[in-house]
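For reference, the structure discussed in these notes is given below.
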Amino acid sequence: MTDLIEAPTTGELVELLRRMVLIRMFEEKAARLRSKGLVPGFLHPYIGQEAVAVGVAAALGPDDVLMSTHRGHGHLLGRGADPARMYAELFARSEGYNHGKGGSLHMIAPELGFLGANGIVGGGIPLATGAGLQLKRRGLGQVSVSYFGDGAANEGTFHESLNLASLFDLPVLYVVENNLYGEFTRINEHMRIADIADRAASYGMAGVSVDGNDVLAVREAAAVAVARARAGEGPTLLEAKTYRHRGHYEGDMCTYRPAGELEQWLEVDPIDLFTAALLGDGVLDEDGVAALRAEVDAQLDKAAEWAAEQPHPDPSEATTDVYVDTCGGEALR
Amino acid sequence: MTRYSYATAIREALREEMELDPEVFLLGEDIGKTNGSFGVTQGLYAQFGPERVWDTPISEAAIAGAAVGAALVGGRPVAEIMFGDFATLAMDQIVNQGAKIRYMTGGAMSAPVVVRMVTGAKGATAAQHSQSLESWFVHAPGVKVYAPSNARDAKGLMKTAIRDPDPVMFFEHKGLYETKVAAEFADSFDVEPIPAGVGRVLREGTDVTIVSYLKTVYFALEAAEQLAAEGISCEVFDPRTLVPFDRAGMGRSLARTGRLVVAHEAPLRGGFGAEIAAIAAQDFFGSLVAPIQRVGAKNTPIPYAPELENDVVPGTADIVAAVRAALA
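The following block contains the structure:
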């Protein structure tokens with residue numbers, strides 16, 4: 001299995017850490033800026049799950065496409081999205097990725113094949129499946145990634161999409177991030193099974209569970225699935241077991257969590273684990289880690305400053321982009 | 334002389350557009366190997382094969398969503414909802430995803446899909462296989478709504494719908510599938526794409542304008558014929574697309590007649606006729622000399638028993654009565 005993906009170079013290892021730190025610090029900063037009133041809408045922080053987005057992205061090529069969820073900032077940054085344009089979108093500015101019309105829940109980065117976060121739980125799964133269908137028709141070996149959470153695995157779209165993708169051997173990687181909570185309820189109150197990957201069997205599909213806090217394990221499992229998809233061998237359901245450190249949304253006090261649970265998961269924080277591994281292997285030293293964090297921090301300061309200087313959308317933009325062809329404006333009336 | 338039915342017209346539009354553009358493909362339930370429930374896609378699987386005609390599982394959300402997703406990465410899919418009633422199972426994918434993608438992304442992406450909605454009552458298909466749901470989609474900014482009443486328009490509008498860069502809900506009345514094209518077009522069926530938002534006067538008249546679409550157009554034409562015997566002259570205007578709606582075309586007709594009857598098969602309450610009436614009242618009030626009359630189905634589900642179905646779904650007599658009321 002491991003021969004499907006080469007061991008990461010030192011540079012790649014550092015980049016994996018850098019992206020995880022970027023996601024963490026981006027989210028922490030976004031929360032602070034929201035409390036200062038710069039973000040008018042919702043935030044659903046990805047903190048704690050960084051190894052999933054970064055590990056999956058490391059297994060993809062530039063021509064692959066991704067479809068995300070309401071908790072999508074990590075997926076975007078993992079893919080290499082520009083934090084400045086992301087902040088601008090969160091601040092509802094016209095230089096944001098969606099020109100201020102989407103916000104956190106709908107953020108895209110089309111130049112990276114990033115087809116969008118999604119405000120509907122399970123809503124993106126059929127879209128990613130359809131993208132996979134078109135990529136299969138195109139025949140260039142591209143892969144479509146569908147990110148979703150444990151909650152979405154109980155939506156009907158999950159069932160319909162995985163069955164269809166399996167039937168047609170579509171090149172789709174379904175990544176279910178099992179962070180133990182669907183909104184405000186623990187997973188054991190929403191399903192009887194421990195491993196969501198078990199559901200793959202009912203679609204005749206490969207299903208794998210992986211430690212979602214181990215970035216290298218995620219990268220390797222994703223690479224195996226991507227190789228299968230590229231080879232025309234069909235989709236995979238990859239379950240990444242992880243934990244949402246923050247609430248469902250920024251501001252959620254998490255009163256529903258059992259005492260001690262968060263603390264237990266903080267001991268296996270994906271960034272701490274990977275940092276320790278890189279230190280242990282001599283890839284980085286303490287100064288190197290500190291420098292990396294300082295660089296990311298400075299990058300994000302600059303990004304947020306730039307974003308805050310961008311103009312708000314002109315009110316006239318409220319009625320643009322509804323249609324490509326408005327039929328002389330009649331389609332808007 | 335070959336006579337083309339409404340079903341054939343749609344099929345020929347699909348075939349011609351598939352021949353023109355390799356990115357056009359079909360997906361839906363039983364549309365391929367078994368040629369479609371109403372035979373609309375007959376022969377297309379044999380001609381184009383499984384990469385162009387996808388027989389999907391019975392999974393409406395996945396059908397609609399896969400169409401949208403494929404469109405995001407360059408496909409030009411045409412999805413069939415075998416009975417438009419089943420669109421309830423695909424509403425999120427149509428309304429929350431496909432309709433809004435362009436707007437939510439600030440114009441960066443769009444979903445040029447066609448969703449074929451097999452619509453309307455056609456003899457005892459009862460409450461879950463007979464509905465006319467067009468007004469739901471009219472109310473979803475981002476989608477266009479096409480509703481042809483005859484074979485020529487069906488062909489021309491399907492070609493337009495497939496080339497339309499925006500998502501189109503294409504309503505096909507199953508009671509029209511076997512109706513043949515009007516004799517005036519029967520000698521040639523090379524139909525050019527018909528622009529959206531351009532209605533057509535199907536019968537000229539001077540006393541009352543009847544605005545109608547899909548199958549109800551034929552009841553409007555029958556009513557006009559009956560009333561002509563009494564010296565009442567009705568103009569029948571078919572907008573052909575509901576979004577965009579041909580305001581100017583309706584306005585020109587109202588300028589001639591001064592009276593408006595709106596007739597459709599969908600339930601009266603909240604039906605698109607209410608919007609048409611509101612447009613007339615707001616934009617063409619000066620032309621109107623009488624209160625607007627509306628004809629639609631009773632506000633009930635569609636019943637099974639044919640005599641009950643006939644009672645619920647409006648017909649010629651209802652339109653005749655509405656014209657008389659407009660003239661009273």
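Listed in order, the protein sequences are those of chains X and W.
If you use the working numbering, the first sequence corresponds to residues 1 to 333, in order.
If you use the working numbering, the second sequence corresponds to residues 334 to 661, in order.
The C-beta atom is built at its ideal place from N, Cα and C for all residues, glycine as well.
These figures come from a predicted structure and were not determined experimentally.
Next on the checklist: List, in chain order, every chain X residue whose beta-carbon is nearer than 8 Å to that of F358(W).
Outcome noted: Residue mapping note: residue 358(W) aligns to position 25 of the second sequence, counting from 1. Listed by position along chain X, the residues whose Cβ is nearer than 8 Å to that of F358(W) are R137.
Checklist entry - By DSSP, does Y174(X) sit in helix, in strand, or in coil? => result What you label residue 174(X) is simply residue 174 of the first sequence in a count that begins at 1. Strand, per DSSP.
Checklist entry - Alpha carbon to alpha carbon, what distance is there between L359(W) and E352(W)? => result Sequence index remark: in the second sequence, residue 352(W) carries index 19 (1-based). Sequence index remark: in the second sequence, residue 359(W) carries index 26 (1-based). Approximately 13 Å between the Cα atoms of the pair.
Checklist entry - Helix, strand or coil: which one does DSSP assign to E352(W)? => result As a working mapping, residue 352(W) is identified with position 19 in the second sequence. It is helical.
Checklist entry - How about L127(X) and G398(W): do their beta carbons lie closer than 8 Å? => result Counting from one through the first sequence, the residue named residue 127(X) turns up at place 127. Counting from one through the second sequence, the residue named residue 398(W) turns up at place 65. The answer is yes: Cβ separation under 8 Å.
Checklist entry - Does DSSP put G604(W) in a helix, a strand or coil? => result As a working mapping, residue 604(W) is identified with position 271 in the second sequence. Reduced to three states, the DSSP call for G604(W) is coil.
Item to check | Within-8 Å CB hit, R406(W) to chain X | outcome: The sequence position of residue 406(W) within the second sequence is 73, counting from 1. The sequence shown places Val at residue 406(W), rather than the Arg named in the question. Output row for V406(W): interface = yes.
Checklist entry - Over what stretch of residues does the alpha helix (DSSP H) that includes G11(X) continue unbroken? => result Here residue 11(X) refers to the residue found at position 11 of the first sequence. Unbroken alpha helix (DSSP H) run through G11(X): T10 to S35.
Checklist entry - Are A346(W) and K488(W) closer than 8 Å when you measure CB to CB? => result As a first step, residue 346(W) is located in the second sequence; it is residue number 13 there, counting from the start. As a first step, residue 488(W) is located in the second sequence; it is residue number 155 there, counting from the start. Yes.
Item to check | Boundaries (first-last residue) of the alpha helix (DSSP H) holding M437(W) | outcome: In the second sequence, the residue the question calls residue 437(W) occupies position 104. M437(W) -> alpha helix (DSSP H) spans I434 to M437.
Checklist entry - For N98(X), which residues in chain W fall below 8 Å Cβ to Cβ? => result The residue labelled residue 98(X) in the question sits at position 98 within the first sequence. Within 8 Å Cβ-Cβ: M437, T438, G439 and A441.
Checklist entry - In chain order, what residues of the same chain have a beta carbon less than 7 Å from the beta carbon of G74(X), not counting five sequence neighbours either side? => result As a first step, residue 74(X) must be located in the first sequence, where it is residue number 74. I23, Y46, Q49, E50 and A53, listed in sequence order.
Next on the checklist: If you measure between the beta carbons of N178(X) and Y203(X), is that distance less than 8 Å?
Outcome noted: By one-based count along the first sequence, residue 178(X) stands at place 178. By one-based count along the first sequence, residue 203(X) stands at place 203. The criterion of a C-beta distance shorter than 8 Å is not satisfied by N178(X) and Y203(X).
Item to check | Continuous alpha helix (DSSP H) assignments of at least 4 residues falling wholly in the segment 55-90 of chain X | outcome: 73-79 and 83-90
Item to check | Inter-residue CB distance, D184(X) and Y256(X) (contact presumed, cutoff 8 Å) | outcome: Along the first sequence, read from residue 1 onward, the residue named residue 184(X) stands at position 184. Along the first sequence, read from residue 1 onward, the residue named residue 256(X) stands at position 256. Checking the sequence, you will find Phe at residue 184(X) rather than Asp. Yes, they are in contact, since the Cβ atoms of F184(X) and Y256(X) sit about 5 Å apart, within 8 Å.
Checklist entry - What residues from the segment 560-580 of chain W come within 8 Å of chain X, judged by C-beta to C-beta, listed N to C? => result V576, P577, F578, D579 and R580
Checklist entry - Would you say V215(X) touches the ligand ADP, meaning its beta carbon is less than 7 Å from a heavy atom? => result No copy of the ligand ADP occurs in the structure displayed, which carries no ligand at all.
Checklist entry - Should the segment 26-44 of chain X be called in touch with the segment 225-239 of chain X, which here means at least 3 C-beta pairs below 8 Å? => result Segments in contact, no.
Checklist entry - With distances taken from CA atoms, which of S392(W), E393(W) and E362(W) is nearest Y378(W)? => result As a first step, residue 378(W) is located in the second sequence; it is residue number 45 there, counting from the start. Each of S392(W), E393(W) and E362(W) was checked against the Cα of Y378(W), and the nearest Cα belongs to E362(W).
Checklist entry - Distance, Cα to Cα, I193(X) vs A201(X)? => result What you label residue 193(X) is simply residue 193 of the first sequence in a count that begins at 1. What you label residue 201(X) is simply residue 201 of the first sequence in a count that begins at 1. Roughly 13 Å between the two C-alpha positions.
Next on the checklist: Along the chain, where does the alpha helix (DSSP H) containing F158(X) start, and where does it finish?
Outcome noted: One-based indexing of the first sequence puts residue 158(X) at position 158. First-last of the alpha helix (DSSP H) with F158(X): G156 to L167.
Checklist entry - Given that V324(X) touches chain W, what residues does it touch there, using C-beta distances under 7 Å? => result If you number the first sequence from 1, residue 324(X) lands on position 324. Those are R435, S443, P498 and D499, listed as they occur along chain W.
Item to check | Any C-beta of chain W under 8 Å from that of I23(X) | outcome: Numbered from its first residue, the first sequence carries residue 23(X) at position 23. For I23(X), the answer is no, since every Cβ of chain W falls outside 8 Å of its Cβ.
Checklist entry - Between which two residues does the alpha helix (DSSP H) carrying R533(W) extend? => result Against the second sequence, residue 533(W) aligns to sequence position 200. Taken as a continuous stretch (DSSP letters only), R533(W) belongs to no alpha helix (DSSP H), being part of the beta strand (DSSP E) at R533 to R536.
Next on the checklist: Which complete beta strand (DSSP E) runs does the segment 388-458 of chain W hold, if anything under 3 residues is left out?
Outcome noted: 409-414 and 447-452
Checklist entry - Residues in the segment 581-593 of chain W with C-beta within 9 Å of chain X's C-beta atoms, listed in sequence order? => result A581
Checklist entry - Taking any Cβ of chain W, which residues in the segment 156-167 of chain X have a Cβ under 7 Å from it, in chain order? => result G156, T157, E160, S161, N163, L164 and L167
Item to check | V322(X) vs Y436(W) beta-carbon contact at 8 Å | outcome: Counting from 1 along the first sequence, the entry for residue 322(X) is found at position 322. Counting from 1 along the second sequence, the entry for residue 436(W) is found at position 103. One thing to note: V322(X) has its Cβ within 8 Å of the Cβ of Y436(W).
Item to check | E250(X) burial status per 10 Å Cβ neighbour count (16 or more: buried) | outcome: On the first sequence, position 250 is the one that residue 250(X) refers to. The residue is buried, with at least 16 neighbouring Cβ atoms inside 10 Å.
Item to check | For Y339(W), three-class secondary structure by DSSP | outcome: Counting from 1 along the second sequence, the entry for residue 339(W) is found at position 6. Here Y339(W) carries a helix assignment [DSSP, helix/strand/coil].
Next on the checklist: Taking contact to mean 3 or more Cβ pairs, one atom from each stretch, closer than 8 Å, check whether the segment 400-407 of chain W and the segment 371-386 of chain W are in contact.
Outcome noted: no
Next on the checklist: Here's the rule: buried if 16 or more other CB atoms are within 10 angstroms of the residue's CB, otherwise exposed. What is I196(X)?
Outcome noted: In the first sequence, the residue the question calls residue 196(X) occupies position 196. By the neighbour-count rule (16 or more Cβ atoms within 10 Å), I196(X) is buried.
Next on the checklist: Are the CB atoms of H70(X) and L105(X) within a distance shorter than 8 Å?
Outcome noted: Here residue 105(X) is taken as the residue at index 105 of the first sequence, counted from 1. Here residue 70(X) is taken as the residue at index 70 of the first sequence, counted from 1. Cβ atoms of L105(X) and H70(X): closer than 8 Å.
Item to check | Helix, strand or coil at H462(W) [DSSP, three-state] | outcome: Sequence index remark: in the second sequence, residue 462(W) carries index 129 (1-based). H462(W) falls in the coil class under three-state DSSP.
Checklist entry - How would you list, in chain order, the residues of chain X whose beta-carbon sits under 9 Å from the beta-carbon of V451(W)? => result Against the second sequence, residue 451(W) aligns to sequence position 118. Those within 9 Å of V451(W) in chain X number zero; the least Cβ separation is about 20 Å.
Checklist entry - Using the C-alpha atoms, what's the distance from R627(W) back to G606(W)? => result As a working mapping, residue 606(W) is identified with position 273 in the second sequence. As a working mapping, residue 627(W) is identified with position 294 in the second sequence. Spanning the two alpha carbons is a distance of roughly 7 Å.
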